[in-house]
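Written below as structure tokens is the structure these notes are about.
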Amino acid sequence: APPAQVGSPAAPEWPPDQDSPSERGVALMALCPRAAAVLAAGALGGAGASHTPRVFVYPLESCSFDHFDPEEIDGDEVSPFQPGRPPALPIHRRLAAAPFVTADPLEATAYYVPAPFFLWDSSWVSQEVRNLRMLHHDPELRAFDGPRAAPKAVSLDLPSSWTLSVWARPSNASAPGRTHVLLAIGGERPGSQGVALGFLDGCPLLLPGGQGGTTASGGGERKERCAGGSWRHLALRYDGASLTLHVDGRSPEPAGADLRLQAPGGPLLYGGCARAAGDRACGGAGDFAGEARSLRVYAGSLRLDHLSAIGGTRSTDAECLRAVRAQVEAAPWFRGPAAMNHFALFAGADYPSFFDAVRAPSDEHFVLEHAWPAFGTFAILSFGGRSERCIYEKSVTGSCWRRFFQLITIPPLLRGEEFDCGGIEEGLRRQRRIGLAYRGLAYNAMVERSVFQQVLEQQDVKRLEEAGWLRLEFTNWTHEKVRNGMCTGHGAFEGLCPWSAVGRKPSAWFGAERALGMRRRSVQLWGESEFCLVLPGDGGFELRLYSIINAGCVPVIVFIKGRSHPKVPFPALLPWSDFAIFWDLGLAAGTSLLDAQPLHWGAVQLIFQLQTISPALLRRKRRALQRWASSFSWDRHESCAAGDPGGGSSSSRRGGRPGKVAPGSGALDFVLEEVVHRAGMHRRPSEGDVEWKIPDRYIDASAREEASENSCPLGFPLCEDNSRDDGLGNVCRSPGVECDGLFACPTGCSKRDGVPFCVARYAGLGNDGREVPCRAPRCNRTLPVRLDLENRRWWLIKPLRLAIVSFSDRPELAELTWPSLRRFCDEHPGRYTLILETVPFLDPRDFHPSWNKLALLRRELIMGAFDAVVWLDPDIVITEPREDPIRSTIQHELLPASEKLVLASADERHDQRVRLNTGVLVLAGGWRTEKSVELIDELFRIGRRRYVLDGQWRCPRLEGWWEQDAIGVFISEYGSDAFVVVEHRVLQSFVRPGGVRQWRPGDFAAHLTGAPKPGAELRLAREFLAELGQGGSRAPAPPSSPEDGAIEPGGGRKMKT
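Residue numbers (my numbering): 4 to 1060.
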């Protein structure tokens, strides 16, 4: 039916209470006779239909995802997005081109509206802004016809500062080359100056008093933006000194739309330049021809983002939202207030974007429904919304409850983390050295995170961390690990706390680069771990969960029932308990209360359960993870498991839905199932729909799992065998939890408050008339404990965790030298973590680039839980990668002596200031991390002081007095007890310009130093590497004379300093 017939008296309207597909089909046939054949084939989803569901994508004429600049959709500055958020456009493109998309809307089961609705969600605007004093509001749509329509006069007493907002669309019939005035603020008040807002050839501009011709401010906008007679949002802001014009939420063009005027005030004329305003305001300009609406005037000069969210391009008043609504409502299949079969993509944005740490969103925050009531029935595809309080609070609204069910959680499509089935398979075969890992923001509002932070202070948990089995890294907002007292006055300069702490704005590269670096380190950590914690917050479970699965790590999803719930993708369609572990932090501790101590017990239970988990269970989880991992990819894959039969899990059936979802299906297949399910939902969701949101059956299955294969449920790996005591049953307990009342019963047994505590469930009563105590056949099974914490024998067999760090802001040099570092790590697999940085960690405004050495060492000591961190200068080339004197000197020289913190190489020239060279520098980690960090902090304090150096006052941190000299000052003030200095040529040998070198063939590494300029350094590196290419690197080392100071690699002798 043509759009013109919809809503006309001849066209039947959808009954508001019709929900059955057959009734929809009858009404549709009345609109379009062709629908009869379609309905007969079951294309409308009628009862008994066996067709494949189809989705129709609205061909929006404007304001769709494809009509916006990609930066407006996925840019870092788009509110409410944050830097590093996963993009939405790639997912939109996959949805629009999916195999289930149909070009015929009459064949569709569901309808996709491809518009970025999250851009128009202004619920994030604070109440303070909502309460701003509005001096005038004219919401009506007004048409102006140039000289034939008199402007409307508005009497306003404008304050010393004000803001004006209006939507306008000039007519294409406007005379070219002439200015047409939309608004005029007269200059009749003594001491004031008139000003007008108009259009020139469709481009908005300001006209100061008396300039009514073609010359005005703001005309620098490109002409291509002005064509077509489109709607424009115009905002005038006067701050008491200057008047600024903003068009469509953008800052003024370079040509300038900023006028310094004398208190523009007086009557406001809307729609033209009436003669009442006089030529002082309008000059010879013509009156406006076109349409205008939503004229607002506020007291005060508003921030541009607030103004845009209140009534501009980023608000529900946006013209784009009106256009999308008009196009969708014109379709004959649109059901108006019950469009349950329509859906939209929100991706990384929450709806509503309003967030309060205490309260659930109220009806007023669902702003899109207020602007378009039918939107309240749309399904929303999102990475995860903040919906906990919509189901767990007593005083939630109907909008909140409804939106909880209509939000479909989808996996993200992360930059640089494309799904790789082969990579997952290879990663699962690799030996993983970390048992349980987590890395994320220490967000105190999230109780679960705070609990695990506190657990790290428990002594037996600390031992697990020292042994390398446990790595929980909680970071601050600058993506570095949290330590007490970190945000000192200079902390921001070192990148360890917010810049606002010292009243500075970060450099442009600071936030984005640090966020990307954090993500790279996180992915590396998950790839080295068997189990990975997934905690609520920080954009939902899903962003971290997807990366964890893609890294082949078994996810451990933690929540507190009654406060949060696992927001996992496709909870009713995937067998989550097959490849993940769910852990209710509150109920696992025997209580649903949010008391700190029971939650603490719950965290300890989980850690020690995973430490004693059955190897067979871990293998099953990893096989299932490999089988179902492709479900989170937006591209269809065959099952990752070789030889998988392809049949769906029996748990994939829900509510009698037809068909099975098989391994190898992608995210698009699951999205279609979710959308079709909601298209058939009743208008008010029922309790039966909860399973499509919260995977309760998998949570229960996970809680019953015998993780240690000794008949005990998850969280209670120790089974007390009381078979010798006829009065007591077998009881399951958790190590590390000091609570006698916390226990569970083995499989097949029931819990009692008193003796015998656990009874056989179906055994009835014994001969003495009492319940039969529980007897579990596998109760005395030996647990597969990974580490002997009691005897600390783990320390003797624990492999060293070592990191090699290097930084270079000279890519030409790094291309020449860093390949040798990679070859060295490849020759010793699993021994070193290689960290190569190209972006300075310190702000160059505050520190010379050489100080990045100490800052990066400090970061890795805090972040990485390494036993030692090794620094290599970017001008070092490892010439014998098969040798490893670094590890041997660490093992034999640095770590055995408890007072030693630093290992360095002696300089071949005994300088008076410092007698060591820090081209290779090692700092002790492990239990000595805190002392090593304190030493580095003292070196930074030394660098901030002023010294007389070579007869001049210098500030080391700024003038390139290298950190090596700061070490010399440290030794002179505090002594050298913390230092181990090995002979020259053990760790490095010098190569200087002009053929001066201590390096000999067979030496471990060459330090290319002494070049006065970067060009000379590059030339030295190329010449040396060319020489190595002729076979010099494998030549046998000649006999060394005593004066050379050479020793066998790895046999370093300490040199007193």
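Ideal Cβ positions, reconstructed from N, Cα and C, are used throughout, including at glycine.
Just tell me which of the options has its CA closest to the CA of residue i.
i: I616; options: L546, P720, W631; result: P720
i: L1023; options: L816, G1005, W529, A111; result: L816
i: S311; options: F358, G289, R240, N344; result: R240
i: P822; options: E332, E883, D308; result: E883
i: P142; options: V60, V169, I394; result: V169
i: D876; options: V157, S809, P814, R988; result: S809
i: P1075; options: L839, L745, A575; result: In this structure the chain extends from 4 to 1060, so residue 1075 is not present and cannot be described.
i: A374; options: E421, R948, C323, P1004; result: C323
i: C958; options: G443, P376, F850; result: F850
i: V327; options: D366, L548, A347, D756; result: A347
i: W637; options: H95, R707, A981; result: H95
i: L731; options: L475, V60, P776; result: P776
i: E75; options: Y549, V985, D251; result: D251
i: M449; options: A763, D359, E429, F378; result: D359
i: R474; options: G78, E533, F1007, V678; result: E533
i: A1009; options: V994, A1019, V925; result: V994
Classify residue i as helix, strand or coil using the three-state DSSP reduction.
i: M343; result: coil
i: V674; result: helix
i: W797; result: Confidence in W797 is poor, its pLDDT being 39 and thus under 50, which makes the residue's placement unreliable; the coordinate value appears in the next sentence. Three-state result, W797: helix.
i: R172; result: strand
i: M32; result: Because M32 carries a pLDDT of 33, less than 50, the predicted location of this residue cannot be relied on, and the following value inherits that uncertainty. Residue state, collapsed to three classes: helix.
i: P90; result: coil
i: C556; result: coil
i: D581; result: helix
i: A302; result: strand
i: E476; result: strand
i: T1012; result: coil
i: V116; result: coil
i: N920; result: strand
i: S617; result: coil
i: E372; result: helix
i: P780; result: coil
i: T882; result: coil
i: T820; result: helix
i: S853; result: helix
Taking the straight line between their C-alpha atoms, what separation do you get for residue i and residue j?
i: A632; j: I552; result: 7 Å
i: S453; j: G243; result: 47 Å
i: F844; j: L210; result: 48 Å
i: F337; j: A329; result: 11 Å
i: I945; j: F973; result: 8 Å
i: L597; j: V458; result: Residue confidence is low: L597 scores 45 on pLDDT, short of 50, so the model does not pin down where it sits. Its coordinate-derived value is still stated next. Approximately 16 Å, taken between the alpha carbons.
i: C403; j: F369; result: 8 Å
i: S318; j: K465; result: 50 Å
i: D729; j: G718; result: 26 Å
i: K934; j: S634; result: 47 Å
i: I970; j: E937; result: 13 Å
i: P335; j: P108; result: 10 Å
i: N134; j: T247; result: 23 Å
In the DSSP assignment, what are the bridge partners of residue i?
i: L926; result: V872, V905
i: F810; result: E840
i: A238; result: S168, H249
i: R957; result: Y950
i: F534; result: L439, V557
i: D587; result: F562
i: S58; result: Here the sequence assigns Val to residue 58, which means Ser is not the residue at that position. According to DSSP, V58 bridges with V104, A113.
i: H290; result: Correcting the residue type first, residue 290 is Asp in the shown sequence and not His. DSSP, once it has assigned bridges, lists V184 as partnering D290.
i: G201; result: V184, L208
Check whether the Cβ of residue i sits closer than 7 Å to any heavy atom of the ligand NAD, and report yes or no.
i: C393; result: As presented, the structure is devoid of all ligands, the ligand NAD included, so that no description of it is given.
Open item on the list: When you compare the segment 900-907 with the segment 830-846, are there three or more beta-carbon pairs, one atom per stretch, that lie closer than 8 Å?
Closed with: no
TODO: Examine the Cβ distances between the segment 466-473 and the segment 557-572 and report whether three or more of them are shorter than 8 Å.
DONE: no
Open item on the list: Does the contact criterion of 3 or more C-beta pairs under 8 Å hold for the segment 698-715 versus the segment 612-627?
Closed with: yes
- [ ] Count the C-beta pairs between the segment 404-413 and the segment 437-447 that are closer than 8 Å, then say yes if the count reaches three, no if not.
- [x] no
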